[in-house]
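The next block holds one structure in the form of structure tokens; read it before the comments.
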Amino acid sequence: MTRTSEVGTRASPMIHAILTEKPLESLEVFQSVGTSADGAVLTFEGRVRDQNEGRRVTGLAYEAYAEMAERELRGICDEAAARFDVGAIITAHRVGPLEIGALSVRIMIAAPHRAECYEASRFVIEELKVRVPIWKHEVYADGSARWVGAAPADAAPEPLSPGNRASEDTP
Amino acid sequence: MTRTSEVGTRASPMIHAILTEKPLESLEVFQSVGTSADGAVLTFEGRVRDQNEGRRVTGLAYEAYAEMAERELRGICDEAAARFDVGAIITAHRVGPLEIGALSVRIMIAAPHRAECYEASRFVIEELKVRVPIWKHEVYADGSARWVGAAPADAAPEPLSPGNRASEDTP
Amino acid sequence: MEGRLYHREADPTSTIGPIRVRVLLFGVYGEMGGTRECRVSLPAGSRVADIVETLRGRPGLELPEQPVVAVNQAYAGPEAELSEGDEVALIPPVAGG
Amino acid sequence: MEGRLYHREADPTSTIGPIRVRVLLFGVYGEMGGTRECRVSLPAGSRVADIVETLRGRPGLELPEQPVVAVNQAYAGPEAELSEGDEVALIPPVAGG
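Residue numbers (our numbering), protein chains in the order written: chain A, 34 to 204; chain B, 34 to 204; chain C, 365 to 461; chain D, 365 to 461.
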């Protein structure tokens, strides 16, 4: 994980993988990301939308398998740091009840050059959506509610395993 | 430029293309980007690095052909909005003297889905780097200075024209 | 995030088995199964596929043919062997991000 | 950002020409040419390629074979015709971002 920058050698990238019930905007860890060798910073934010698959969403909560989710998230960040020349990867996912418009996830990457930022950022969010054990419970305007992505038993979804990953290629 | 979202119809995306001598962090326009239909927000930031091509950078200034630069930048944002389903594209480039670590450019995109965010963001920064008439003057630790990218006359760089664009495909 | 603790046997007939594991049911599985956590006893040498079959007996808990399972907080295939004290989580389709 | 105004003829023999254009030299071109702005007179019907050749006569201003040029704030090819009062900018390799 040691990386060589253009001038001199840098230490390992800064990595944080966080699950929290606090608003992500309030996290200190996003305040100073990367070093003066990092010319590009890319921040991906997921926000709670007021609609999903054509239905009006009025409330939402994320449930997580906390210890495993943090471990998987950390693993994804480590993998991204090994693949891409980056200075920092800070990732946080919120759990618990969220309001419409609130941030559900924030992924901040700093790197010497922009190409790595985009690639690493996309890699982290795509892997997160496949591997990290977090579930979304949506409440709709008509009063109904459901666990998003939960298929009925007879739909027999593909089993998920660490070997069954999303491609890192951006579509 | 009218876009249809999953529930109902949205107005044209919000677009801002700004050249400014002020620190980009201070711009109000980045405070509220997109609507509750936009589930993804991607922010690209370019920062002044302390090194370039192996040389230690101590100071930097951007010069711009201001009216044309703002016009080109706006054209790029309009093009991105026509190509990708986005809710907002806010782009600002700083001009004048900048300190190491300062933001040189910020591109903030909000969209219903993340794929469009990444594609639109990459499109804007790649086009910006090819088309927008802005120049960078770097001062180095040894006291020398130069205009970045300025090739000697006999190097005969490819002429740049609106038809001679970077590919929108991300490498 | 793990909710309340329920100490229940999913299948009382299996209490003769020599290993006991802790089972976590997340998301829709917890809703269908009526609990977020239970304990299950299984014969020694049992694998992930065996505990899945055992849990299928739980009223309301409709599972896909091969549900995603984690053992001790790491994804595990159906052939993975279980040990005394393991934490076995049934992972419905994830939806983070 | 446009700096000071210099009113100079790049080529005094061309003052007989009936059109006058404003020339902007940015970045390294301004440094090499010793000014960021000048005025040039050209025969009617002159094109971008003609003003580039005229500017090559300016001491210190080393231009590539086909420099990038904008006319009235839009990129223009070498065959683009010039008109009285046009703003012609010589655009060295851009380096924004």
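We put the CB at the ideal spot given by N, CA and C, even for glycine.
**Message:** Which residues does DSSP list as the beta-bridge partners of A:Thr53?
**Reply:** A:Arg127
**Prompt:** Beta-carbon separation of C:Glu451 and C:Leu388 under 8 Å?
**Reply:** yes
**Item:** Counted within 10 angstroms of its Cβ, other Cβ atoms place B:Gln84 as buried (16 or more) or exposed
**Value:** buried
**Simplified DSSP assignment, three categories, for B:Gly41** = With a pLDDT of 43 at B:Gly41, under the threshold of 50, the predicted position of this residue should be treated as unreliable, though the coordinate-derived value follows. If DSSP states are grouped into helix, strand and coil, B:Gly41 belongs with coil.
**Asked** Three-state secondary structure (DSSP) at B:Ile140?
**Response** strand
**Message:** Could you pull the DSSP bridge partners for A:Phe77 from this structure?
**Reply:** A:Ile140, B:Leu75
**Cut-off 7 Å between Cβ atoms - residues of its own chain near B:Ala174, not counting five sequence neighbours on either side** = Arg89, Thr91
**Item:** Straight-line Cα distance separating C:Ala413 from C:Pro382
**Value:** 17 Å
**Message:** Within the continuous beta strand (DSSP E) that includes B:Tyr173, where are the two ends?
**Reply:** 167-173
**Request:** Identify the contact partners of B:Leu131 in chain A, using a Cβ-Cβ distance below 9 Å as the criterion.
**Result:** Result: empty, since nearest Cβ-Cβ is about 12 Å, beyond 9 Å.
**Asked** Mind checking if A:Ser177 is an interface residue toward chain B, Cβ cutoff 8 Å exclusive?
**Response** no
**Request:** Compare the C-beta of A:Leu75 with all C-beta atoms of chain F and state if any pair is closer than 8 Å.
**Result:** Absence of chain F from the displayed structure is noted, the protein chains being A, B, C and D.
**Message:** For D:Val452, would you say it is in contact with chain B, using Cβ-to-Cβ distances shorter than 8 Å as the test?
**Reply:** no
**Message:** Can you pull out the residues from the stretch 55-81 of chain B whose beta carbon lies closer than 9 Å to at least one beta carbon of chain A?
**Reply:** Gly67, Thr68, Ser69, Ala70, Asp71, Gly72, Ala73, Val74, Leu75, Thr76, Phe77, Glu78, Gly79, Arg80, Val81
**Prompt:** Is B:Lys55 buried or exposed, if buried means 16 or more other CB atoms sit within 10 Å of its CB?
**Reply:** exposed
**Prompt:** Is the stretch 398-408 of chain D close to the stretch 429-439 of chain D, with three or more CB pairs under 8 Å?
**Reply:** no
**Message:** For B:Thr151, would you say it is in contact with chain A, using Cβ-to-Cβ distances shorter than 8 Å as the test?
**Reply:** The question names Thr, but residue 151 of chain B in the sequence shown is Tyr. Answer yes: the Cβ-Cβ gap between B:Tyr151 and chain A drops below 8 Å somewhere.
**Request:** Identify which residue in C:Tyr439, C:Ala444, C:Leu446 has its Cα closest to the Cα of C:Ile455.
**Result:** C:Tyr439
**Prompt:** Out of B:Leu161, B:Ser177, B:Val172, B:Lys169, which has the shortest C-alpha to C-alpha gap to B:Met211?
**Reply:** Only positions 34 to 204 of chain B appear in this structure, which leaves residue 211 of chain B out of reach.
**Nearest candidate by alpha-carbon position, reference B:Phe156, set B:Ala115, B:Ala97, B:Met47, B:Glu86** = B:Ala115
**Request:** Check the DSSP bridge columns for B:Gln84 and list the partner residues they point to.
**Result:** B:Arg89
**Asked** Under the three-state reduction of DSSP, which class applies to D:Tyr439: helix, strand or coil?
**Response** strand
**Item:** Whole-number beta carbon distance between A:Ala125 and A:Thr53, since they are thought to touch under 8 Å
**Value:** 6 Å
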